[in-house]
Amino acid sequence: MKPTPRLLGLTAALLLAAVLLGALPLLGLALPEWSARLWQVALFTLALLGGLDALWLRRLPSPGVERVLPGHLALDRWSEVVLRVSPGALPLPWLEVFDHVPAELEFQDLPRRIALPDAQGVELRYRVRPRQRGDSRFARCEIGLPSRLGLWQARRYLELPGLTRVYPDFARLHGAQLMAVDSWLGRLGVRQRPRRGSGLEFHQLRDFRQGDSLRLIDWKATARKHQPIAREYQDERDQQIIFLLDSGRRMRSQDGDLSHFDHALNACLLLAHVALRQGDAVGLLAFAGEETSRYLPPAKGQQQLNALLNRVYDLQPGRLPGDYQAAAGELLARQSRRALVVLLSNLRDEDDQQLPLAAAQIARRHRLLIASLREEVLDRQRLQPVDNYQQALAYCGTIDYAEARAALHERLAAQGLPVLDVRPGELGPQLVSRYLQWKAAGAF
């Protein structure tokens, strides 16, 4: 409980009056005798009213507050949280409300002072934006109550536990359900290369059309129908994709508002959505120590996308480096059937010894695609003008780092291991393009 400006102002006025009552006689100015009594009465009245007002406020019950949280929040997107205040029969003109928002959430429109014209409930809305995936736990809400005479204000803390999950921003993929897949992929910047020939899996027989290859004619069906009949093929289905996701310390690198790990996770979800719609199975293995390791076996169907989201939404990159050898061993032990393995990491020159051996082990049994995220600061630094010694050092260091990284990529490519060297923001469309290209060519 603390005094309000009204009480402080009245107290200051009485103190000023006391100073005047003591100073004016010293200046030879006579004051009437009742002036001192009037001051004493005023002081006693203020003390009495202040005490009664404080006692009334102390016994005043706290209003009811209910917090309504969204079922889940999207990373780096604004969402609304609702507070429902039920004052009941409390004779209060207003309330101050401040919700104790978790540290990983930005918020707007707090604290707020709300008017209470009657005993009906009031609904208060404020906005939050998550800056980190995972569980966000709300603990309590803070209420400021005024006294009846406005001399005091009480601060009440109401225990109001709440929990919501912060997922990657996947809203655009849910919206893609309403449009054709090809059109949607085009909007994302994905480009499918023209297909040569046909798919690998028989789909159906149909009438021969102008422009069809003669190799597509089914001669037995043509003889029965006495008209040209062609075979129609489709891309092979029921294939498996495993994301081998590095959750080590190098994925903590930040480009913009998101880390490399968040960019890689968004790319995995994007490719998983496309692959599941193509009839393939999707799984994931995150590696970099016990605390940051997760495994989800491959499965088909759109429900697998929800399982993938729930499995990794709270996964954060750790402080240990990713162990490629251990990840390769675990993958080979868990995944016996041939699959497309997409390794997502931020490759460095120190991986020169460990990564090629692990990649070669995986490639002997599976089709491997290595996606290496490139820091955008490298591209920016190489374009900066060099005007002094410090800038020259920064430029040379950037060039040395980029060349060592490129040399590692070349050694992997020399072993027949394809590498995507891509900026984080372009990773998703690049992965989808390569997946569609390989699927059409039967390169799994």
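Following numbering that gives the first Met the number 0, the numbering of the sequence shown begins with 0 at its first residue and continues without gaps.
We put the beta carbon where it would ideally sit given N, CA and C, even for glycine.
Alpha-carbon to alpha-carbon, residue j and residue i
i, j, result
"K299", "V121", "47 Å"
"W33", "A46", "20 Å"
"A439", "R126", "45 Å"
"S371", "P101", "33 Å"
"L381", "D256", "Per the sequence shown, residue 381 should be read as Arg rather than Leu. Distance between the alpha carbons of R381 and D256 is about 22 Å."
"G143", "R130", "28 Å"
"E321", "Q429", "According to the sequence as given, residue 321 is Gly; it is not Glu. Straight-line Cα distance between these residues: approximately 23 Å."
"L204", "L331", "39 Å"
"L244", "D378", "24 Å"
"L6", "G49", "8 Å"
"K532", "F242", "Any question about residue 532 goes unanswered here, given that the chain covers just 0 to 443."
"Y434", "L426", "12 Å"
"S197", "G70", "Its pLDDT being 46, under 50, S197 is placed unreliably in this model, and the value from its coordinates should be taken loosely. C-alpha separation (whole angstroms): 45 Å."
"R66", "P92", "22 Å"
"D206", "I228", "5 Å"
"A175", "E95", "Annotation note: pLDDT 49 at A175 (below 50); position unreliable, coordinate value reported separately. One C-alpha to the other measures close to 42 Å."
"T221", "L295", "47 Å"
"L411", "V418", "7 Å"
"L304", "H272", "7 Å"
"Y323", "L354", "6 Å"
"P24", "A35", "12 Å"
"F260", "R293", "14 Å"
"W77", "V84", "23 Å"
"D254", "A11", "55 Å"
"K1", "A17", "24 Å"
"Q436", "H262", "22 Å"
"Y156", "V64", "11 Å"
Residue i classed as buried or exposed, judged by whether at least 16 other C-beta atoms fall within 10 angstroms
i, result
"R336", "exposed"
"C140", "buried"
"S146", "buried"
"F137", "buried"
"N265", "buried"
"D52", "buried"
"L37", "exposed"
"S61", "exposed"
"H173", "Only weak support is given to the placement of H173: the predicted model assigns it a pLDDT of 47, under 50, and the question is left unresolved by the model."
"R214", "exposed"
"F43", "exposed"
"L14", "exposed"
"A22", "exposed"
"E374", "buried"
"V80", "buried"
"R404", "buried"
"V376", "exposed"
Helix, strand or coil at residue i according to DSSP, with G and I counted as helix
i, result
"D245", "strand"
"K219", "helix"
"T163", "strand"
"G21", "helix"
"A175", "With a pLDDT of only 49 at A175, under the threshold of 50, the placement of this residue in the model should not be trusted; the figure read from the coordinates follows. Correct three-state label for A175: helix."
"G424", "helix"
"V418", "strand"
"S432", "helix"
"K299", "coil"
"L307", "helix"
"Y400", "helix"
"D257", "The residue you asked about is not Asp; residue 257 is Leu in the sequence shown. Looking at L257 - three-state DSSP - the assignment turns out to be strand."
"Y388", "helix"
"G8", "helix"
"W437", "helix"
"Y312", "coil"
"R66", "strand"
"R366", "strand"
"V376", "helix"
"E103", "coil"
"H71", "strand"
"L91", "coil"
"D168", "coil"
"P355", "helix"
"Q226", "coil"
"E231", "strand"
Contact belief for residue i with residue j at Cβ below 8 Å, rounded distance in angstroms
i, j, result
"S246", "S252", "The Cβ separation is near 13 Å, so there is no contact."
"D75", "R128", "6 Å"
"R248", "L319", "6 Å"
"L109", "F97", "6 Å"
"L407", "L368", "No, L407 and L368 are not in contact; Cβ-Cβ is about 16 Å, not under 8 Å."
"L270", "V431", "6 Å"
Any non-hydrogen atom of the ligand SAM closer than 7 Å to residue i Cβ
i, result
"L416", "The ligand SAM is not part of the structure shown, which contains no ligands of any sort."
(request) Evaluate the contact criterion for the segment 304 to 314 versus the segment 276 to 283: three or more CB pairs, one atom per stretch, below 8 Å. (result) yes
(message) Does the contact criterion of 3 or more C-beta pairs under 8 Å hold for the segment 327 to 344 versus the segment 153 to 164?
(response) no
(request) State whether the segment 351 to 361 contacts the segment 326 to 333, with contact taken as three or more CB pairs (one from each stretch) at a distance under 8 Å. (result) yes
(request) Please determine if the segment 266 to 282 and the segment 391 to 402 are in contact, where contact requires at least 3 C-beta pairs separated by less than 8 Å. (result) no
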